[in-house]
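Chains as they are written, first to last, in the working numbering: chain A, 1 to 446; chain B, 447 to 1026.
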Amino acid sequence: MVKRVQLAKILATALVLGWPAASIAQPASGKISVVTSYAKDLTDPIKKAFEAANPGVTLDVQNRNTHAGVKFLEETKSNNQVDLFWASAPDAFEALKAKSLLQKYKPKATGIPEKIGQFPINNPDGYYFGFAASGYGIMWNERYVKANKLPDPKEWQDLAAPIYYDHVAMAAPSRSGTTHLTIETILQGEGWNKGWATLREVSGNFREVTERSFGVPDAVNSGQVGYGIVIDFFAFSSQATGFPVKFVYPSVTAIVPANIGIVANAPNKAGAEAFIEFLLSPAGQVLLFDPGIRRLPVNPSVYDKAPAGYVNPFKDPRLNSMVKFDVKKSEGRGEVVDALYDQTVTFQLADLKQTKKAIDAAAAAVAKKPNPKAEAALKEARSLMEAMPITEEQASSPEIVGAFAGGKKKQKGARQAELEQQWASFAKDHNAQARAKADEALKLAK
Amino acid sequence: MTAIGLHNNRRGTFVSRVFTGATWGQVSVALLILAFLLAFLVWPVATVVWVAFTEKGSGVFTLANFVDFFRTDLFIRSFWNSLYVSGMAVVGASMLAMPLAYFTSRFTFRGAGLIQILGFLPLIMPPFVGAVALQLFFGRNGTVNLLLDDWFSFKLGFMEGLNGVIFVQSIHYFPFILINLSAALRNVDRSMEEAAQNLGSYGFRLFRRIVFPLALPGYVAGASLVFVKVFDDLATPLLLNVKDMLAPQAYLRVTSIGITDPMGYVISVVLIVASVVSMWVSSLATRNIDYATTQRGGGGIAKRKLRPLEMALAYALLTFIILLVLAPHVGLLLLSFATIWSFSPLPDGYTVAHYARVFGESSIYIKNTLLYASLAGVIDIVIGTAISYLVLRTKLVGVRGLDLLASAALAIPGVVLGIGYLRAFYGIPLWDGTPLASLWIVIVLALAIRRLPYALRACYAALQQISASLEEAAENLGATKASTVRRIVVPLMTGGLVAGFITSFATAAVELSATLMLVQANQDAPLAYGLYVFMQSAAGRGPGAALGVIAVVIVALSTVASQYVIERDRRAKGGSNSND
């Protein structure tokens, strides 16, 4: 037995070392490798059309969520085998650019304007390019809403109403680039304090905070949750598949491009450039109308071929009056905002929900029997619940940003874990105080 | 020279103790295994764990991160939640497994074989889809609750918070207890039972005081596996959106906050330590007791017939358990045929379009899955048998450490191992420039290492039940150690080997966490990865479910086929020498 085991080990070792010889028959050129966060529904039709237009070329698509994709490129940069990075969130591209993981290119495609809405389509330095645009909004399941007799929402603040308690879902901004942008849009549109107040009130109505973007439309599609804060194409593609869902754009939202960039030291640079040209050409842009994709093309001229009722961001006034989005600011404080949200909401959801419930109950009682003392207590309770541990300036300050970024030099000030614990206990304490005040208001109003 | 002392207590110098009772063959096997484990387990994990002990950014050694861990409410809460959920999952899994094991091994039972096979199925559930399917049935607006709400106006919170995780995990992991306990019960010698009966014991008391204690190694093996696996599992809590448990916290930090964040690695270290401690505690429970029986009567305990009322009750209980256990698979099947399933007890309509879409694209995934899982299973039982033999039959110094090291692989979260492999092996280029980590063999090794503890426990439990005196008898008749192992020990261990191979194979076929980090080209991707990609879009639920069904069917067929072959072989070899 022992001898057999040894023999088996020797054979196995030989096999392992000899196997690569067989699998090294790699196609020379003609294989373009893409790391993307997009689902098959988007990549398959585009891949098919691209390969049909360019015979002899294969597009190898590897699917990873945005964060994992960025990490993967970092880990493998010493011997990069990936040509393109293809994802939604501009933040991820900024992060890659900062680490010198992208290379410059000047696309030859014409007809693409400078901006869409208020947002520049391409990176001014030429490292990544927008090929489609999307906006954010609220989607809901018609059957669920009917069964629970709930109203249709129009704005973000609507979702804070007591009637929506335990019916809403959103992805955690730390896990979803697009949700992160939604949160930043609210913060930049309404201001730091008011924006966080809205977020906390709305989050108090959450049933769950999911850990992947698609978790939200998935939950709404299957009826596990009633309302979801999502990017528009999730809702459109669900509708195209046949799910009974509806969607609305609130007035405070941003249209943001989805991007593609060439990775530094790409093995097949020519192939990567060809793919980008294809995406930006009318032939590629028209593919975005496909029911499984439903993105907004960046080339205004292809909207002539759009299906009926398709929203046109270049003409629709709603989508053009939106917030001016400051990408640099967003990227600078990105990790801080994510951690703030996680520590004060995601990981304390039960606590926050209890607090919201208490405040809503007190508000209902006070509405029935108005009472100045009770109203004052209620107001205080609300501001306690909505309070944030740091100000906007602190969120962009070098000490705090440095704690999260892990710079080379020894940082002064608190470590990331310490900051997180501080913020978490801040939220917990304030929630407890808010509940106490709300109970006080309830008693006064009786 | 005397026969190698298997119950030898000689003392002496260190060198003489190391080399007494061990042949060169055994020492070289031990060293080979050590090298394997060091290269493919210790080193990748070390590259990752090192971050836990360094200050962020500067790389200076520090313990401050661990201090932070213990001061953070969220992490402490997660730790207790994980312990609680794991313990309760063991209880739940035992409640499901023990009736099945008891009835099928104790009584002549029509359909006993079927039940044993059905008992494997929960293992073969790709992590994603299991929870999705259960949500469809038992979620807040799932089938059961919608019907309850319609008829009786109330809902049950099966899947709320920690209870949901316990529910799903009990159903998902109870086969570990079932397989190991059944194998152990089958190996209990009939003569022990008869001796007890001669002394006046019978019925349940006989089972409780004689049969079950003899099968205890199997139960403890299964229970400790369930505990550690649940403690370490992240797919289920994540999908149920339970984030305040240790494994999800580690995963979330490592994959979202980033590579420079030490806290994810600190949590990984805590996970590893906790798992190793619990495995050690379970090994203490069975260490000093001799479970081997001398006579190999074969055939296990005697089977009896049930009275009609007992039969009816037994069937009712077993049907309920089986229905519960098969719920995720039924849900998956329905989803794969469903057009739209939204806020209703059953889908709106049915179609075969999803299967059509999937068949064209999935042959490469199927081939890869079979290849990877089989290789991983073979590697595991070879190494598992070798380590068990070294631990139980030799007195080599440090061999228990080898056992612990191999078992520690259980405690490594898949994502940590994946990142570790990338870090450790990507920088090593092969002769033509492609990085070592991009070879599919690295995926196989990751699968094998993570499954090694299961196979090891199964082989260990099987070997524990074989008395050493059988081998001494063979050697007295002139057989060498090698041929004794080949012709006596391994055939007697067959049941345990099969159990080990099946658990390795089945769980490797549907593993996702390490795979997700290591897959680098579509042609290397296994089924679980293809499934994950499908489930990222609305139109992909149906095809994703169809792929899941295909995965379950393939793995089920393979395990049934392998079990059939082994059983037939075993009956041909050993069934005839019963003692009457």
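For glycine and all other residues, C-beta sits at the position ideal for the given N, C-alpha and C.
The structure presented is a predicted model; accordingly, all values stated were derived computationally and were not measured.
Flag this pair as yes or no: are the beta carbons of residue 540 of chain B and residue 669 of chain B separated by less than 8 Å?
Counting from 1 along the second sequence, the entry for residue 540 of chain B is found at position 94. Counting from 1 along the second sequence, the entry for residue 669 of chain B is found at position 223. Yes. Within cutoff.
Taking only runs that begin and end inside the region 521-598 of chain B, name each unbroken alpha helix (DSSP H) of 4 or more residues, in chain order.
558-564, 573-584 and 589-598
For residue 41 of chain A and residue 986 of chain B, the rounded distance between their alpha carbons
Taking the second sequence and counting its residues from 1, one reaches residue 986 of chain B at position 540. Taking the first sequence and counting its residues from 1, one reaches residue 41 of chain A at position 41. If I take the Cα positions, the gap works out to 7 Å.
Is residue 228 of chain A helix, strand or coil by DSSP?
Looking up residue 228 of chain A in the first sequence gives position 228. Three-state result, residue 228 of chain A: strand.
Nearest-angstrom Cα separation, counted from residue 1003 of chain B out to residue 408 of chain A:
Indexing the first sequence from 1 puts residue 408 of chain A at position 408. Indexing the second sequence from 1 puts residue 1003 of chain B at position 557. Low per-residue confidence applies at residue 408 of chain A: pLDDT is 46, beneath 50, and the placement is therefore not dependable, though the value from the model is reported in the following sentence. Spanning the two alpha carbons is a distance of roughly 54 Å.
Residues that residue 246 of chain A bridges to, as DSSP identifies them
The residue you call residue 246 of chain A lines up with position 246 of the first sequence. According to DSSP, residue 246 of chain A bridges with A/140.
Give the secondary structure of residue 982 of chain B by DSSP, where H, G and I count as helix, E and B as strand, and everything else as coil.
Mapped onto the second sequence, residue 982 of chain B falls at position 536. Of the three classes helix, strand and coil, the one that applies to residue 982 of chain B here is coil, per DSSP.
Would you say residue 209 of chain A lies against chain B (beta-carbon separation less than 8 Å)?
Within the first sequence, the letter at position 209 stands for residue 209 of chain A. For residue 209 of chain A, the answer is yes, since a Cβ of chain B falls inside 8 Å of its Cβ.
Among B/947, B/619 and B/489, nearest to residue 576 of chain B - alpha-carbon criterion:
Looking up residue 576 of chain B in the second sequence gives position 130. With distances taken between Cα atoms, residue 576 of chain B lies closest to B/619.
Just tell me which of A/374, A/206, A/441 and A/344 has its CA closest to the CA of residue 519 of chain B.
Numbered from its first residue, the second sequence carries residue 519 of chain B at position 73. Closest by alpha carbon: A/344.
Residue 311 of chain A versus residue 291 of chain A: straight-line alpha-carbon distance, rounded:
Residue 311 of chain A sits at position 311 when you count from the first residue of the first sequence. Residue 291 of chain A sits at position 291 when you count from the first residue of the first sequence. Looking at the two C-alpha atoms, the distance is approximately 14 Å.
Taking C-beta pairs closer than 9 Å, name the residues in chain B that residue 144 of chain A reaches, listed in chain order.
For this step, residue 144 of chain A is matched to residue 144 along the first sequence. Near residue 144 of chain A (Cβ distances below 9 Å), the residues of chain B are 587, 788 and 789.
Looking at chain B, which residues of the region 237-248 of chain A have a Cβ within less than 7 Å of any of its Cβ atoms?
237, 238, 241, 242, 243 and 244
If I measure Cβ to Cβ from residue 995 of chain B and keep anything under 7 Å in the same chain, skipping five residues before and after, which residues do I get?
One-based indexing of the second sequence puts residue 995 of chain B at position 549. Here the set comprises 778, 779 and 782.
Residues of the region 837-855 of chain B whose Cβ lies closer than 7 Å to any Cβ of chain A, in chain order
none
With distances taken from CA atoms, which of B/988, B/572, B/826 and B/909 is nearest residue 483 of chain B?
Position 37 of the second sequence holds residue 483 of chain B. Nearest option by C-alpha distance: B/826.
For residue 112 of chain A, is the beta carbon positioned less than 7 Å from some heavy atom of the ligand ZN?
Of the ligands one can find in the structure shown there are none, so the ligand ZN has no counterpart to examine.
Closer than 9 Å, Cβ to Cβ, to anything on chain B: give me those residues from the region 339-363 of chain A, in chain order.
339, 342, 343, 346, 347, 348, 349 and 350
Are the C-beta of residue 614 of chain B and some C-beta of chain A separated by less than 8 Å?
Here residue 614 of chain B corresponds to residue number 168 of the second sequence, with the count starting at 1. No, residue 614 of chain B does not count as interfacial toward chain A.
Measure the C-alpha to C-alpha separation of residue 538 of chain B and residue 531 of chain B and round it to an integer number of angstroms.
Translated into positions along the second sequence, residue 538 of chain B becomes position 92. Translated into positions along the second sequence, residue 531 of chain B becomes position 85. Each residue's Cα considered, the two are about 10 Å apart.
Could you spell out where the alpha helix (DSSP H) holding residue 767 of chain B opens and where it closes?
Taking the second sequence and counting its residues from 1, the one referred to as residue 767 of chain B is at position 321. Counting along the chain, the alpha helix (DSSP H) containing residue 767 of chain B begins and ends at 754-783.
Count the other CB atoms within 10 Å of the CB of residue 763 of chain B; is the residue buried (16 or more) or exposed (fewer)?
For the purposes of this step, residue 763 of chain B is taken as residue 317 along the second sequence, with counting starting at 1. Under this definition residue 763 of chain B is an exposed residue.
For residue 180 of chain A, I'd like the list of residues in its chain whose CB is within less than 6 Å of its CB, leaving aside the five on either flank, ordered along the chain.
Here the question's residue 180 of chain A lines up with position 180 in the first sequence. The answer, listed in chain order, is 173.
Residues within the region 974-991 of chain B neighbouring chain A, beta-carbon criterion of under 7 Å
979, 980, 982, 983, 984, 985 and 986
DSSP three-state assignment for residue 695 of chain B, whether helix, strand or coil:
As a first step, residue 695 of chain B is located in the second sequence; it is residue number 249 there, counting from the start. Three-state DSSP puts residue 695 of chain B in a helix.
My output table needs one value for residue 260 of chain A: the three-state DSSP class, helix, strand or coil.
To locate residue 260 of chain A, count along the first sequence from 1; it is residue 260. DSSP places residue 260 of chain A in strand when its eight states are reduced to three.
Buried or exposed: where does residue 284 of chain A fall if 16 or more other Cβ atoms within 10 Å of its Cβ makes it buried?
Residue 284 of chain A sits at position 284 when you count from the first residue of the first sequence. Result: buried.
Less than 8 Å between CB atoms is the rule here; does residue 690 of chain B satisfy it with respect to chain A?
Within the second sequence, numbered from 1, the residue matching residue 690 of chain B stands at position 244. At least one chain A Cβ lies under 8 Å of residue 690 of chain B.
Counting only Cβ pairs nearer than 8 Å, list the residues of chain B close to residue 282 of chain A.
As a first step, residue 282 of chain A is located in the first sequence; it is residue number 282 there, counting from the start. Neighbours of residue 282 of chain A on chain B: none; closest Cβ ~25 Å, over 8 Å.
Identify, in the order they occur along the chain, each residue of the same chain with its Cβ nearer than 8 Å to the Cβ of residue 18 of chain A, setting aside the five sequence neighbours on each side.
Numbered from its first residue, the first sequence carries residue 18 of chain A at position 18. Per-residue confidence for residue 18 of chain A stands at a pLDDT of 40, beneath the threshold of 50, marking its modelled position as unreliable; no derived number is given.
In the DSSP output, which residue or residues are listed as bridge partners for residue 297 of chain A?
Within the first sequence, the letter at position 297 stands for residue 297 of chain A. Answer is A/132.
Classify residue 305 of chain A: buried if its beta carbon has 16 or more other beta carbons within 10 angstroms, exposed otherwise.
One-based indexing of the first sequence puts residue 305 of chain A at position 305. Exposed, because fewer than 16 other Cβ atoms sit within 10 Å of the Cβ of residue 305 of chain A.
Quick one: residues in its chain with C-beta nearer than 7 Å to the C-beta of residue 50 of chain A, no 5 flanking neighbours on either side, listed in chain order?
Taking the first residue of the first sequence as position 1, residue 50 of chain A is located at position 50. Closer than 7 Å at Cβ, skipping near neighbours: 59, 275 and 278.
Within 8 Å of any Cβ in chain E, is that where the Cβ of residue 514 of chain B sits?
The question asks about chain E, but that chain is absent: this structure's protein chains are A and B.
In this structure, does DSSP put residue 276 of chain A in helix, strand or coil?
The residue given as residue 276 of chain A occupies position 276 in the first sequence. Correct three-state label for residue 276 of chain A: helix.
Using 8 Å as the threshold, is the C-beta distance between residue 200 of chain A and residue 166 of chain A below it?
Numbered from 1 along the first sequence, position 200 holds the residue referred to as residue 200 of chain A. Numbered from 1 along the first sequence, position 166 holds the residue referred to as residue 166 of chain A. No, they are not a contact pair.
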